[in-house]
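Working notes, beginning with the structure itself.
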Amino acid sequence: MSVLWNHLIQCQNDIIDIFNDQAVEFDEPGLAHFNSDTWVNRVWHNDSVRRAHIDVVDARDTKGLWMMHVCVFPVLNNNGPIYGFDVIAGKNKMTGAFHDFSASSGGEDHPMIDGYKEAVAEFIPSKQRQLPEWATNIFTDKMLAAGNVRTEEEAVAIIDLALDNLRAYFDEIGEFDGTGDREMTIAAQNYYCHNQQQNPHTPRTMKSLGLDEADVDKFCTDMLFPKINT
Amino acid sequence: MSKLKELTWEHHKNAERQEFASLMMSGKLHPDLYATYLWNQHKKYDLLEAMCGAHGIFAELGQNISRKLFIEEDFRELWNHDTEPKLVASTINYLQHMRDIMHDRDAIMAHVYVLYMGDMSGGQMIKKKIPGEGRMYDFEGDIPAIKDKIRELTTDDMADEAKWVFDSATQLFQQLMELGLERTLEPSDTVSE
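Protein chains in written order, with the working numbering: chain A, 7 to 236; chain B, 14 to 206.
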């Protein structure tokens, strides 16, 4: 087995524990289709969070890769940011880890984003990597984007940071209930989803993990970053 | 009634004068070039329609005139390459611009005015000339009545944003022609006898 994968699977379990502690799991129409022995998709909600989603593709046996996507959207009267954490890892290294509190209707000056920026400050290299347009449209300038993480120490630090920030997110998000204008929040969350859907690596990576191509295309549009239709 | 048509006339005409616009009306437009246009339009409409939903604009129109699924169908009918077409700079700029105006309902309405009025007006002629079925130009319901409703929801104050949308279309037309794709289905004029 792999030490890194063990840490990541523990991280997955910790995230599910946080979601279970803080929210209620629900059946989202259509999501059952995207669950199998090697593909997990579960969603939770509470009074302040409309959708907390964890998506794990376990292709360790077939492709030597493990991938997790976590995204939390506030309810529509809450102007708080969107929590995101994505990681893909081979046996001995994280090939990519991405984490951000992205602006919703509260903008990039939201207090929760300020707190996030303080928390990640020491992880952000002075020379940031160049991001594509769809990413710069939505991510903060302090988005954590790590590639080729080879040491256990660094991988654990990233995992701990993402978990600490998720706990902080659930602790704080309720304070902003009632602060968001519904129309503005839908617009902002749809803008986030639209830009995420432009990421060509997401479907490419999922297909490379052996998932059915048609399933991946539908999943990326309808389940991973679903826009709100009013 | 707003004077938006008069206020934006020059920008509207400038878009129509572009070579790509003429090609669309020529009946000879190459399917790959048209599909590339559709792909770029799909990105814009997909986002715009999400913003229309957020601001309840289609509900106010009394009709969902969403185009994105039709544009996607038209694109899939024509595009048979493995890789997706290129997004040109004006499309990327449009997506970024939407970030600045997404909370401004009037600005979003200006986009609805330019794009959907175009699809329901000149688009009805374009439909007969372009490759494929042209589903994106098929609207359910009474087109003149929908256009009247859109006009009712516009004001002169939207002129600057509407001009921006026309100029964005002009840039899209120009940048599509710079991609180096085959332009027409006929042999090039430069080929000697």
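The C-beta atom is built at its ideal place from N, Cα and C for all residues, glycine as well.
In the DSSP annotation of this structure, the continuous segment of the alpha helix (DSSP H) that includes residue 110 of chain B starts and ends at 102–114. Taken through DSSP and simplified to helix, strand or coil, residue 108 of chain A comes out as strand. CA-to-CA, the gap between residue 17 of chain B and residue 30 of chain B works out to about 20 Å. In summary, residue 88 of chain B is buried, with 16 or more beta-carbon neighbours lying within 10 Å of its beta-carbon over all protein chains present. Taking residue 137 of chain A as reference, the option from A:47, A:62, A:147 with the minimal CA-CA separation is A:147.
Using a Cβ-Cβ cut-off of 8 Å, residue 136 of chain B is close to nothing in chain A; its nearest Cβ partner there is about 23 Å away. Going by DSSP, residue 151 of chain A is part of the beta strand (DSSP E) stretching over 150–155. At a beta-carbon threshold of 8 Å, the residues of chain A lying near residue 66 of chain B are 192, 196, 233, 234, 235, 236, ordered along the chain.
In this structure, the CA atom of residue 178 of chain B is about 24 Å from the CA atom of residue 202 of chain A. For residue 172 of chain B, same chain residues with a beta-carbon under 7 Å away, outside a window of 5 residues either side, are 17, 20, 21 in chain order. Leaving aside the five residues that flank residue 190 of chain B on each side, the residues in its chain whose CB is nearer than 6 Å to its CB run, in chain order, 32, 33.
Here the C-alpha atom of residue 47 of chain B lies approximately 31 Å from the C-alpha atom of residue 166 of chain B. Relative to residue 109 of chain A, the option among A:227, A:194, A:15, A:223 whose CA is nearest is A:194.
When Cβ-Cβ separations below 7 Å define contact, residue 63 of chain B makes contact with chain A. In this structure residue 115 of chain B is buried. Its beta-carbon is surrounded by 16 or more other beta-carbon atoms within 10 angstroms. Linking residue 112 of chain A to residue 78 of chain B through their CA atoms gives a straight-line distance of about 30 Å. In the three-state reduction of the DSSP assignment, residue 142 of chain A falls in the helix class, which pools H, G and I.
Straight through space, the alpha carbons of residue 157 of chain A and residue 116 of chain A are spaced by roughly 33 Å. Assigned with DSSP and collapsed to three states, residue 22 of chain B falls in helix. Membership of residue 89 of chain A in the beta strand (DSSP E) is indicated by the continuous run 88–95. Around the beta-carbon of residue 181 of chain B, 16 or more other beta-carbon atoms lie within 10 Å, marking it buried. Residue 200 of chain A reaches chain B at 59, 60, 63, counting residues in chain order whose Cβ is nearer than 7 Å. Counting along the chain, residue 77 of chain A sits inside the beta strand (DSSP E) bounded by residues 71–80. For a cut-off of 8 Å, the C-beta gap from residue 153 of chain A to residue 102 of chain A is around 5 Å, short enough to register as a contact.
For residue 76 of chain B, same chain residues with a beta-carbon under 7 Å away, outside a window of 5 residues either side, are 154, 159 in chain order.
Here residue 192 of chain B carries a coil assignment [DSSP, helix/strand/coil]. In terms of beta-carbon proximity, residue 154 of chain A stays away from the interface with chain B, with every pair separated by 7 Å or more.
Rounded to the nearest angstrom, the gap between the Cα atoms of residue 38 of chain A and residue 67 of chain A is 23 Å. Taking 7 Å as the CB threshold, residue 189 of chain A lines the interface with chain B. Under DSSP, residue 84 of chain A forms a beta bridge with A:183. Bounds of the alpha helix (DSSP H) holding residue 71 of chain B are 70–74. Within the same chain, 47, 75 come within 6 Å of residue 61 of chain A by CB-CB distance, once the 5 residues on both sides are set aside. About 26 Å separates the beta carbon of residue 37 of chain B from that of residue 121 of chain B, a gap too long to meet the 8 Å contact definition. According to DSSP, residue pairing for residue 158 of chain A in a beta bridge does not occur.
Less than 7 Å divides the Cβ of residue 14 of chain A from the Cβ of residue 72 of chain A.
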